[in-house]
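Residue numbering for the sequence shown is 1071 to 1195, as defined by this note's numbering.
All residues carry an ideal CB built from backbone N, CA and C; glycine is no exception.
Owing to the predicted nature of the structure, the values given are computational and were not obtained by experimental measurement.
To start, the structure under review is shown below, and the notes come after it.
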Amino acid sequence: MKSMFRALSLLLLTVFLFAACSKNTDPANTDIFAGTFRGKIGYTDAEKNVKQDNGSIFVTKVDTRYDFKFSDNIPALTDVQFERKDDNTMVSIGSSGTGLITINKDKLVISFTRDGRTWSADCNR
């Protein structure tokens, strides 16, 4: 019975992710989103300075919380809370960091700083 429940849960999760990953879905207009953006990415902290022209970012969004999983051994930027500024601009709220994110169905731009670490991106989908 447990294995049947697991299989059904996995199937529903897969269907959900395929629906959420549509290239026509604008993440600013939905509460749930998952998608990959590719382009220039960067990360800087006291010990590391990474710049990549052909990097990728896997973005997930649930309500106003974003998670950004970067390629090229760049640490993930997680649990970022944003509020909508205009159609496709989200502004950081709370004490999790400062920055600006512009995201739509075709483009992602990040400039975000938290605890002395800075993430940047200029990517397309």
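Residue j beta carbon less than 7 Å from that of residue i
i: Gly1169; j: Asp1142; result: no
i: Ile1111; j: Phe1138; result: no
Inter-residue Cα distance where the pair is residue i and residue j
i: Ser1181; j: Thr1188; result: 7 Å
i: Arg1184; j: Arg1076; result: 37 Å
i: Lys1155; j: Ile1144; result: 27 Å
i: Ile1171; j: Cys1193; result: 12 Å
i: Ser1190; j: Ala1146; result: 12 Å
i: Phe1103; j: Thr1130; result: 5 Å
i: Val1120; j: Glu1153; result: 28 Å
Three-state secondary structure assigned by DSSP to residue i
i: Arg1076; result: helix
i: Glu1117; result: coil
i: Tyr1173; result: The amino acid at residue 1173 is misidentified as Tyr; the sequence shows Ile. Strand, per DSSP.
Own chain, CB closer than 6 Å to residue i, minus 5 neighbours either side, in chain order
i: Asp1101; result: Asp1133
Sequence-distant residues of the same chain with beta carbon closer than 8 Å to residue i, five excluded per side
i: Arg1195; result: Lys1093, Gly1105, Thr1106, Phe1107, Arg1108, Lys1175, Asp1176, Lys1177, Leu1178
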